[in-house]
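First up is the structure itself, then whatever we jot down about it.
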Amino acid sequence: MEKTRIMVVDDESGFTRLLKLTLEKTGNYSVMEENDPMRALDAARAFRPHLILLDIVMPQMDGGGVASQMQADPFLRRVPIVFLTAIVSHQEATPGALIGGFKFLAKPVSLAAVVKCIRENVPGLAA
Amino acid sequence: MFVPGSAKNFRVLLVEENPVDARLLDAMVEASRSGFKVEWSVRTLAQGMLIIDTSEVDVILLDLTLPDSSGIETFKSARAHSRRLPIIVLSGSDDEELALYAMHEGAQDYLVKARIDTQLLLRAMRYAVERHRVEEALAHERNLLRNLLDNLPDYIYAKDVEGRYVIDNRAHMEFLQIKKPEDVVGKTVFDFFPEELAALFHADDQAIIASGNALVNREEPSITQAGERRWISTTKVPLKNRQNRPTGLVCIGRDITEQRLAQEQLKEANAELSRSQEELLKTLAELKEAHEELRSVQLQLIEAEKMKSIGRLAAGVAHEVKNPLAIITMGVEYLLNQDLAQQENATSVLNDILAAVKRADNVVRGLLDFSAPKNLEVRTQDLNAVINQSLSLVRGELTADLKVVRELDPNLPPLKLDNIKIGQVFVNVFTNAIHAMGKAGVLTVRTYAKQLTGVGQNVGDSRSESFRVGDTVVVAEVCDTGSGIPSDKLTKLYDPFFTTKPTGKGTGLGLTVTKTIVDLHAGTIDIANRPEGGAKVTIMFKA
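Protein chains in written order, with the working numbering: chain A, 2 to 128; chain B, 3 to 545.
Here is the structure:
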C-alpha cells in the first residue's frame, strides 16, 4: 500500500526530524522535511505531498507566503495545508478554528493530533 | 474813632470863598467846645486839595461856589480827591437842589448857610464823621468778605427767590466767563446755560427755596460757556429773613471733574483687574483640566503601550518556548513508540514529561490570553469622545503630511460601551490606516447616527444579527488614502497571525482583537476598499 506523503515545512529542524521519525515509525507515512521556506515550493513540486504541515513564523517567508505560493501552483493547489503555529491563546485554540481560511494545529502537538488531522484532511483516508 | 465826649479833636477843613462866612463858621465851631476845630480855612478848591493831600483831615466843610470852581463840579472834584473823607456841602439858599444832588453823589449832608446855627452844624459834623466811620467799617468788612469770596477756588454765589444772581465770586464768574459782577448780578441760569440744563438747575433752586431743605454735596453735570462738560459737587442752602420768609439761596460748588475722572479710571482699573483675575482663574482652571486630561491620556498611553509590549512579548515567548516544547513532545512520542517503552517506569517517566510540557504550554497560553480581550466594562459613552481619545493616542505616528480630518456629528445618541476596549479598536484601525498610507495621506474619521431602512448593506448580513429594520445605529467610518487591501486578503483580515505588514510591524493580532471586541459589543465591523483608493472601515453600534 502506498504510504501517505506528508511534507512538513518548519525552520525548526529538530521538530521536523522528530515528526518525521515518529510518523514514519507508524509505517503509514512518508515524510519530507523542509527547513527553508524559500525552497518549499520546489521541494513540494518534486515530492507531490498528500498534505503539507506549514509553520507560520519563519525567517525570510512566513507560512502565509508559502501557502499562497502553493495555492498559486496548478499541481499543488488542491493539496490540503494545515498550519502549525506556536502562537495561539486558549480562546483561539477552539475546535474548527481557522487561520486565513486554513485549519491549524497548535504547537506542541501530539502524535495522535497529527494523525487525526492527516486522516481528516487527506482525501481517501477517512477515519 | 469818634466817641461822644471823648478827648479826640476832629480837624475840620473849611473851604469858603467868603471870608465873613468863613470867620462866622470858624467861630461857631470854636465856641461849641465840641472837639471839632477848624484847622484849615482856605478860599479855593486848589488850596483845599493841597491840604487834603498833605494833612490828616477828619471832615470837610465845602462851599460849592469858589473862585476856581463852582456848582456840582466843585463837589465832584473834592470828592474824587478826598479819598472818601466826609464832606458837608455848604450852599446858598437859592441852590438847594444842587445841594440835594451833591447828597446823591455822596455828600454826607448839606447846610444852607443862611440858616446855619451852631447846633445844626455840630450835629451835621458829628453824623458825618460817625456815618463815615460806619461806612468805612462796612466797606472794610465788605472788602474782606469780597476778598475772601474771590480768593476761594470754589464757586460761591447767592440768588434771590426768583433765581437771580445777587452775589457771585470770581471763581464762578470765571466759570461763567464773566468779567464784571454787574454782568452777572440780576441774571439767571437761563442766561448762561443751555435751556434744558438751566431748567434743571432752576427747578432745584425753587425746590430748595420752597422746602427750606438744603442740598448737600450733590454731584451734578454742568457745562462751561465753551461747551466743555464738567462735574460739580454742589451744596445749596436756603436763605431766610428774620420773619423766616425765604429770600433766596446761597450755593457752594466745587469742580470735581478731575477727581471723578480719576475715580472712574480707578473703577475701570479695578474692573480690569478683577476681569484679569477672573481670566487668570479661568485659565488656571483650564490648565488644570488640560493637565488632568493629559495625565489620564498619559496613563492610558502607558497602559496601551504596556499591553502592546505584553502582547509582543507573549507572542515572542510563545514562539520561542513552544517550538522547543513541540520538539520535546515529538521526541517523547517517538520514545513511547520504541522498545524502550517496555522498560520498567519508562512509560510513566515519558508521560510525566508530556504532562510537564502541557503545563508549560498552558502557562504560555495564559500569557497570550492576558493580552487578548477580556470581559467588558460597559458604561454610557459618547463615541466621539472615545474616538478623539484614540486619535490622541496615535498622534505620535502622524507626520506633517499625514492629516486627520474629523467629521464627528455632535448629536450622536450615547452608547453603552467599554471605552478602553473600543478605544483599542480605534487605535488599531487608525494605526492600520496610518501604516497603509506611509508618509503622506489623509485620515478621515466620520460619525453619524442613522435609522436602518429596508435591506441595506448590513441588514440581513450574518454578522449583524443584532440589527433590525428601524433600529437606530451609530456609525463610525474611518477612511484612508493608503494602498488599500489586496482583494484576496479581504476575507482573511480578521484571522489571527495573518498580517500584510512586514515582520516586526504587526503581530497579526490587531484586527482579530478588534473584531472580537466589536462582536462583544454586538456591533459590526466592515472593511472595504474605496473606489477612489485606500480603505474604509465601517463600525456600527446599535444606539
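The beta-carbon is built from N, C-alpha and C at its ideal position, and this holds for glycine as well.
Just so it is clear, the structure is predicted and the values come from calculations on it, not from any experiment.
Chain B contact residues for residue i, given Cβ-Cβ distances below 8 Å
i             : result
residue 13(A) : 325, 328 and 329
residue 23(A) : 332, 335, 336 and 339
residue 1(A)  : Past the boundaries of the shown model lies residue 1(A); chain A is included only from 2 to 128, so the question cannot be answered.
Per DSSP, cross-strand counterpart(s) of residue i
i              : result
residue 68(B)  : 71(B)
residue 537(B) : 531(B)
residue 38(A)  : DSSP, once it has assigned bridges, lists no residue as partnering residue 38(A).
residue 360(B) : Answer is none; residue 360(B) lacks a bridge partner.
residue 56(A)  : 85(A)
residue 453(B) : 474(B)
residue 160(B) : 169(B) and 252(B)
residue 213(B) : Answer is none; residue 213(B) lacks a bridge partner.
residue 62(B)  : 15(B) and 89(B)
residue 315(B) : Partner(s): none; residue 315(B) has no beta bridge.
residue 383(B) : 417(B)
residue 237(B) : 254(B)
residue 16(A)  : None, per the DSSP bridge assignment.
residue 270(B) : Partner(s): none; residue 270(B) has no beta bridge.
residue 30(A)  : 5(A)
residue 443(B) : 404(B)
7 Å Cβ cut-off: residues of chain B touching residue i
i             : result
residue 58(A) : 321
residue 19(A) : 329, 332, 333 and 336
residue 54(A) : In chain order: nothing, as chain B lies at least about 11 Å away.
Contact list for residue i against chain A, beta-carbon separation under 9 Å
i              : result
residue 365(B) : Neighbours of residue 365(B) on chain A: none; closest Cβ ~11 Å, over 9 Å.
Expected contact under 8 Å - CB spacing of residue i and residue j to nearest Å
i              : j              : result
residue 237(B) : residue 219(B) : 6 Å
residue 388(B) : residue 436(B) : With 8 Å as the limit, residue 388(B) and residue 436(B) do not qualify as a contact, their Cβ atoms being about 18 Å apart.
residue 480(B) : residue 539(B) : 5 Å
residue 15(B)  : residue 62(B)  : 5 Å
residue 111(A) : residue 331(B) : 6 Å
residue 563(B) : residue 47(B)  : The structure shown has nothing for residue 563(B), since chain B only spans 3 to 545.
residue 85(A)  : residue 56(A)  : 5 Å
residue 405(B) : residue 444(B) : 5 Å
residue 38(A)  : residue 324(B) : At roughly 18 Å, the Cβ-Cβ gap does not stay under 8 Å, so residue 38(A) and residue 324(B) are not in contact.
residue 36(B)  : residue 124(B) : 5 Å
Closer than 7 Å at the beta carbon, the chain E residues around residue i
i              : result
residue 317(B) : No chain E is present in this structure, whose protein chains are A and B.
Exposure label - residue i; buried when at least 16 CB within 10 Å
i              : result
residue 100(A) : buried
residue 56(B)  : exposed
residue 430(B) : buried
residue 80(B)  : buried
residue 88(A)  : buried
residue 507(B) : For residue 507(B), the pLDDT reaches just 48, beneath the cut-off of 50, and the residue's location in the model is therefore unreliable, leaving the point undetermined.
residue 213(B) : exposed
residue 30(B)  : buried
residue 172(B) : buried
residue 106(B) : exposed
residue 35(A)  : buried
residue 462(B) : Here the model assigns residue 462(B) a pLDDT of 42, short of 50, so the residue's position is not dependable and the matter cannot be decided.
residue 471(B) : exposed
residue 455(B) : exposed
residue 119(A) : buried
residue 59(A)  : buried
residue 273(B) : exposed
residue 347(B) : exposed
residue 304(B) : exposed
residue 142(B) : exposed
residue 421(B) : buried
residue 523(B) : buried
residue 161(B) : buried
Under 9 Å from the C-beta of residue i: neighbouring residues of chain B
i              : result
residue 77(A)  : Simply none; closest approach about 17 Å.
residue 31(A)  : Those do not exist, as residue 31(A) stays about 17 Å from chain B at its closest Cβ, beyond 9 Å.
residue 104(A) : Simply none; closest approach about 12 Å.
residue 4(A)   : By Cβ distance, chain B contributes nothing, its closest Cβ being about 17 Å from residue 4(A), past 9 Å.
residue 117(A) : By Cβ distance, chain B contributes nothing, its closest Cβ being about 13 Å from residue 117(A), past 9 Å.
residue 48(A)  : None at all; the shortest Cβ gap to chain B is about 20 Å.
Proximal chain A residues relative to residue i, where beta-carbon distance stays under 7 Å
i              : result
residue 591(B) : Nothing in the structure corresponds to residue 591(B), since chain B is present only between 3 and 545.
residue 359(B) : 109
Inset, instruction - Would you mind listing the alpha helix (DSSP H) stretches within the segment 171-200 of chain B that are 4+ residues and don't spill past its ends, in chain order? - result: Counting only runs of 4 or more, we get 172-178.
Legend entry - Contiguous beta strand (DSSP E) assignments of at least 3 residues, all confined to the segment 75-133 of chain B: You should have 89-93 and 111-114.
Legend entry - Runs of beta strand (DSSP E) wholly within the segment 7-48 of chain B (minimum 3 residues, chain order): Runs of the beta strand (DSSP E) inside the segment 7-48 of chain B: 12-17 and 38-44.
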